[in-house]
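Asks:
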Amino acid sequence: MRGTMLYAPRDIRVEERAKPTIQAPADAIIRISAACVCGSDLWPYRGIEPIEGPAPMGHEYAGVVEETGSDVRDIKAGDFVVGSFMASDNTCLICQAGYQSRCVHVEYVGAGGAQAEYLRVPLADGTLVATPGQPDQDLIPSLLAASDVLGTGWFGAVAAEAGPGKTVAVVGDGAVGLLAVLAARQLGAEQVIAMSRHEPRQKLAREFGATDIVTERGDEGVAVIKELTGGLGAHSVIEAVGTQESMMQAIRSARPGGHVGYVGVAHGVELPGQELFFAEVHLLGGPAPVRRFLPEMLGLIWNREIDPGRVFDLELPLDQAAEGYKAMDERRAIKALLRP
Ligand SMILES: [Zn+2]
């Protein structure tokens, strides 16, 4: 089968690899209908995260189950499924509490590389959710989005306690930030402030339900958020970048007693203890427990109530994966969808 490999910074190749096989009785093998490039794939692509040898890439996926191991009960060959990038048993105490991305049996699904024709998914029953039937082609981008980018934005919004009567600020206008806007509105937030200086992204943020756009960054951005929230700061802030600047912007944009949901993969972020002490804000972040939100998200997508697939503004055949990375790296594309 063909699959995407990262050899060195900015060296992406699509090449022949062995087709994955069932390794454990709880595994499933999926034929990928669509995969995509994640903002987090850009960290190793840019050389900011070290690469150990040629690495299979991709951890977002939607597709059709081809084969299941002997312990798999709920998922069957022929099902159209979406799963999280973290495999979970969905039964342990951590999973039951809603933190499937930290399941005691967690495995990284992306280890096999989802930007490929086939993918092995461990713990299939606890990781995958089947749609009610075979989806129409036009639904596939939105279903794929649920696998990570929507699920991560959703977790950011839930962690920030976005809800009715709340003012929500979103730091970061990548696909996760944009879908955090959508999630905050779905959760009932009244005012959703998107921080973006890119016109096409501002437009999409508005379409996803943003009520205000702030183009300023850093402390200037914080000042505008305060202005828009009666001098107090937002109730809920979603951080969707992962840098020192974005994290501090998020914490400083929250009012005392407010909540920050941080879902940008942190790189070099250090929190100043004393400022944090006096900020008096709640912090919750980490790899999103997408599995917790999948049934609800897939239901909304299946019933065409939300259309998160609009974050894909570039669609390429898998063979042109390198161009997808390049376009996202240069911010020419918000998110690239790859069709095997
Ligand atoms: Zn678990």
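Following my numbering, the numbering of the sequence shown begins with 1231 at its first residue and continues without gaps. A virtual CB, placed ideally from N, CA and C, is assigned to each residue, including glycine.
Using CA atoms only, rank isn't needed, just tell me which of A1435, E1282, Q1253 is closest to A1424.
Replies: Residue A1435 is the option with its Cα nearest to A1424.
Asks: Can you have a look at N1320 and say buried or exposed, based on whether 16 or more other CB atoms are within 10 angstroms of its CB?
Replies: It is buried - the Cβ of N1320 has at least 16 other Cβ atoms within 10 Å.
Asks: Note down the Cα distance separating E1437 from P1365, rounded to an integer number of angstroms.
Replies: Between E1437 and P1365, the C-alpha separation is close to 24 Å.
Asks: What residue does the beta strand (DSSP E) around T1234 start on, and which one ends it?
Replies: Residues 1232-1238.
Asks: For K1306, count neighbouring Cβ atoms within 10 angstroms of its own Cβ and tell me buried if that reaches 16, exposed if not.
Replies: Flag for K1306 reads exposed.
Asks: Give me, in chain order, the residues of the same chain whose beta-carbon lies closer than 6 Å to that of T1382; leave out the 5 immediate sequence neighbours on both sides.
Replies: The answer, listed in chain order, is V1406, V1493, A1518.
Asks: Assuming contact is defined by CB atoms lying nearer than 9 Å, are T1399 and V1294 in contact in what I supplied?
Replies: Contrary to the premise, residue 1399 reads as Ala rather than Thr in this sequence. No, these two residues do not count as a Cβ contact at 9 Å.
Asks: Expressed to the nearest angstrom, what Euclidean distance is found between the alpha-carbon atoms of G1488 and D1355?
Replies: Each residue's Cα considered, the two are about 36 Å apart.
Asks: So P1371 and L1567 are supposed to be a Cβ contact under 8 Å. How far apart are they, rounded?
Replies: Yes, they are in contact, since the Cβ atoms of P1371 and L1567 sit about 6 Å apart, within 8 Å.
Asks: Please report the straight-line C-alpha distance between G1451 and A1563, rounded to a whole angstrom.
Replies: Near 24 Å, if we compare the C-alpha coordinates of A1563 and G1451.
Asks: Count the C-beta pairs between the region 1312-1330 and the region 1535-1548 that are closer than 8 Å, then say yes if the count reaches three, no if not.
Replies: Output reads no: the region 1535-1548 does not touch the region 1312-1330.
Asks: So which residues put a beta carbon under 5 Å from any heavy atom of ligand 1, going in chain order?
Replies: Listed by chain position, these are S1318, D1319, C1322, C1325, C1333.
Asks: Shortest alpha-carbon distance to V1302 belongs to which of G1277, R1261, V1359, V1454?
Replies: Out of G1277, R1261, V1359, V1454, V1359 has the C-alpha closest to the C-alpha of V1302.
Asks: DSSP three-state label for S1377, please.
Replies: The answer is coil: DSSP assigns S1377 none of H, G, I, E or B.
Asks: How should D1304 be labelled, buried or exposed, when 16 other C-beta atoms within 10 angstroms of its C-beta is the threshold for buried?
Replies: With fewer than 16 Cβ atoms within 10 Å of its Cβ, D1304 is classed as exposed.
Asks: So, is E1526 buried or exposed, given that buried needs 16 or more other C-beta atoms within 10 angstroms?
Replies: Burial call: exposed.
Asks: Enumerate, from N- to C-terminal direction, the unbroken alpha helix (DSSP H) stretches of 4 or more residues contained entirely within the region 1455-1526.
Replies: For the region 1455-1526, whole alpha helix (DSSP H) runs of length 4 or above, ordered along the chain, are 1474-1483, 1503-1509.
Asks: Assign T1261 to one of three DSSP states: helix, strand, or coil.
Replies: The sequence given here places Arg at residue 1261; Thr does not occur at that position. Three-state DSSP puts R1261 in a strand.
Asks: Does the beta-carbon distance from A1552 to R1243 come in below 9 Å?
Replies: Yes; because the gap between Cβ atoms is below 9 Å, this pair is in contact.
Asks: Which term fits Y1348, buried or exposed, when burial requires 16 or more other beta carbons within 10 angstroms of its beta carbon?
Replies: Answer is buried; the Cβ neighbour count reaches 16.
Asks: Since I believe E1510 is in contact with P1486 (beta carbons under 8 Å), could you give me their beta-carbon distance rounded to a whole number of angstroms?
Replies: Rounded, the Cβ-Cβ distance is 4 Å, consistent with contact.
Asks: What are the boundary residues of the beta strand (DSSP E) that T1321 is part of?
Replies: From DSSP, T1321 is part of no beta strand (DSSP E); its letter is neither H nor E.
Asks: To the nearest angstrom, how far is the alpha carbon of A1292 from that of K1249?
Replies: A1292 and K1249: Cα-Cα distance of roughly 17 Å.
Asks: What is the residue span of the alpha helix (DSSP H) that M1558 lies within?
Replies: Note, M1558: alpha helix (DSSP H), 1551-1559.
Asks: Am I right that A1387 and A1414 are in contact with their C-beta atoms under 8 Å? What's the rounded C-beta distance?
Replies: Rounded, the Cβ-Cβ distance is 5 Å, consistent with contact.
Asks: Select from M1287, R1540, I1443 the residue whose C-alpha is nearest the C-alpha of L1548.
Replies: Residue M1287 is the option with its Cα nearest to L1548.
Asks: Are the Cβ atoms of T1234 and I1259 separated by less than 9 Å?
Replies: No.
Asks: Exposed or buried, R1350, counting other C-beta atoms within 10 Å across all chains shown (16 or more means buried)?
Replies: Burial call: buried.
Asks: For R1447, which residues in the same chain have their Cβ closer than 8 Å to its Cβ, ignoring the five residues on either side in sequence?
Replies: If we look at R1447 and ignore the five residues flanking it on each side, its Cβ neighbours are M1425, R1427, E1475, Q1479.
Asks: If distances are taken between C-alpha atoms only, which option among A1484, T1445, K1433 comes closest to G1463?
Replies: For the residues A1484, T1445, K1433, the minimum Cα distance to G1463 belongs to A1484.
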